[in-house]
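Just so we're aligned, residue 1 is where the sequence shown starts under full-length UniProt numbering, counting upward by one. See structure below.
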Amino acid sequence: MTTVEPAQNGSAPAVPTTLVSSLPYEQVTVAPLVLLSVVDHYNRIAMNTKKRVVGVLLGDNTGNTIRVTNSYAIPFEEDDKQPDVWFLDHNFVENMGDMFKKINAKEKLIGWYHSGPNLRASDLQINELFKRYTPNPLLLIVDIQPQEVGVPTDAYFAIEDIKDDGSATDRTFVHVPSSIEAEEAEEIGVEHLLRDVRDAAAGNLSVRITNQLMSLQSLHKRLHEIANYLQKVVEGQLPLNHVILGKLQDVFNLLPNVSVSSSDDSLTDAAKTTDERAKAFAVKSNDELMIVYLSTLVRAIIAFHNLIENKIENKENLKEEEDKEETKEGDKDKKKE
1 MTTVEPAQNG
11 SAPAVPTTLV
21 SSLPYEQVTV
31 APLVLLSVVD
41 HYNRIAMNTK
51 KRVVGVLLGD
61 NTGNTIRVTN
71 SYAIPFEEDD
81 KQPDVWFLDH
91 NFVENMGDMF
101 KKINAKEKLI
111 GWYHSGPNLR
121 ASDLQINELF
131 KRYTPNPLLL
141 IVDIQPQEVG
151 VPTDAYFAIE
161 DIKDDGSATD
171 RTFVHVPSSI
181 EAEEAEEIGV
191 EHLLRDVRDA
201 AAGNLSVRIT
211 NQLMSLQSLH
221 KRLHEIANYL
231 QKVVEGQLPL
241 NHVILGKLQD
251 VFNLLPNVSV
261 SSSDDSLTDA
271 AKTTDERAKA
281 FAVKSNDELM
291 IVYLSTLVRA
301 IIAFHNLIEN
311 KIENKENLKE
321 EEDKEETKEG
331 DKDKKKE
């Protein structure tokens, strides 16, 4: 898991950080109804402002997966200049929780949400407050106006961490993967809503290309963030985190070795095997690129041929219309004579 620390005033100490406790949860699933409720809450309270909205999450937190099935808004105010100054109505949280229990006893308070779009300095304090209602509250950040295609939610849990230099422990947030999942009834409703949004004129090919373009743009943004993080670690602006570096090393280890080296008798069997795989991978990639090139070339030739045929057909049709008009004019002249 990747640890994400909230924004703090001042520079963080440049010391390695290690997670002390492991979370019992591996995944967070969010119902579409929750996203709609958060958007409605934001549109009613904080639209066209820099404020964020805060609410309570309801669901089930038994097992390795937390399921967020419902939510409700709560009164919340904070000072933009002083992050430590904020107000949250405890009585409202308890009264609304009791009312929701009467409707569905299976749904219990499992955490809280805010409209973000990023972590705030006061999030740890608010998270400590919600420990009155659940021992390990979930923080769900919902991006109301996402800039890229993807899941607009980020899930976090607060944990204890310890510095490698032996200093006192403090609390930080750890990121947990989140996804959007719906029951059968909700799925039907979501599909019904999306029918008015989808472009009926767009074909399957254009939709696939658009999705691939969005995926590549998201990948480019993630790689840019990784490069910026590593640069800040090298410059000493951020502390060295072995967990994040380990995850990045795992990603790099999965990359194929496409460098085709020259044959050398001094290479070991493992190196020769890797070299053969690299050559096979390069040949396969070149073959596929050649197929793509030929397909694009054939498609361009066919399109050009169709364009020429269309122009010839239009020219013939125009000539036929002119001949018909000349014939009509000739018939009129004969009748007049």
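All residues carry an ideal CB built from backbone N, CA and C; glycine is no exception.
Task: Ranges of the alpha helix (DSSP H) found wholly within the segment 213-251, counting only runs of at least 4 - done: none
- [ ] Within the segment 93-126, note down every full beta strand (DSSP E) run reaching 3 residues or more, in order along the chain.
- [x] 108-114
Open item on the list: Taking the beta carbon of V87 as the centre, do at least 16 other beta carbons fall within 10 Å, making it buried, or is it exposed?
Closed with: Reading off the sequence shown, one finds Phe at residue 87, where the question assumed Val. With fewer than 16 Cβ atoms within 10 Å of its Cβ, F87 is classed as exposed.
- [ ] Apply the 10 Å Cβ neighbour rule to P75 and answer buried if 16 or more other Cβ atoms are within range, or exposed otherwise.
- [x] exposed
Open item on the list: Judging by CA-CA distance, which residue of G236, P135, Q125, K102 is the nearest neighbour of L23?
Closed with: P135
Task: K50 versus E148, A227, N118, H175, residue with shortest Cα-Cα distance - done: N118
Task: Residue range of the unbroken alpha helix (DSSP H) whose run includes V39 - done: 32-45
TODO: Express the C-alpha separation of G97 and F130 in angstroms, rounding to a whole number.
DONE: 13 Å
Task: Per-residue DSSP class, three states only, for L307 - done: helix
- [ ] Report the rounded CA-to-CA distance for R299 versus Y293, giving the unit in angstroms.
- [x] 10 Å
Task: Outcome for residue 338 when other beta-carbon atoms lying within 10 angstroms are tallied against a minimum of 16 - done: Past the edges of the chain, shown from 1 to 337, lies residue 338, and the structure says nothing about it.
Open item on the list: Using only the alpha-carbon positions, how far apart do D35 and G189 sit?
Closed with: Reading the sequence as shown, one finds Leu at residue 35 and not Asp. About 14 Å.
- [ ] Give the secondary structure of K85 by DSSP, where H, G and I count as helix, E and B as strand, and everything else as coil.
- [x] What sits at residue 85 in the sequence shown is Val, not Lys. In this structure, V85 counts as coil in the three-state DSSP scheme.
Open item on the list: Between the alpha carbons of A278 and N286, how many angstroms are there, rounded?
Closed with: 12 Å
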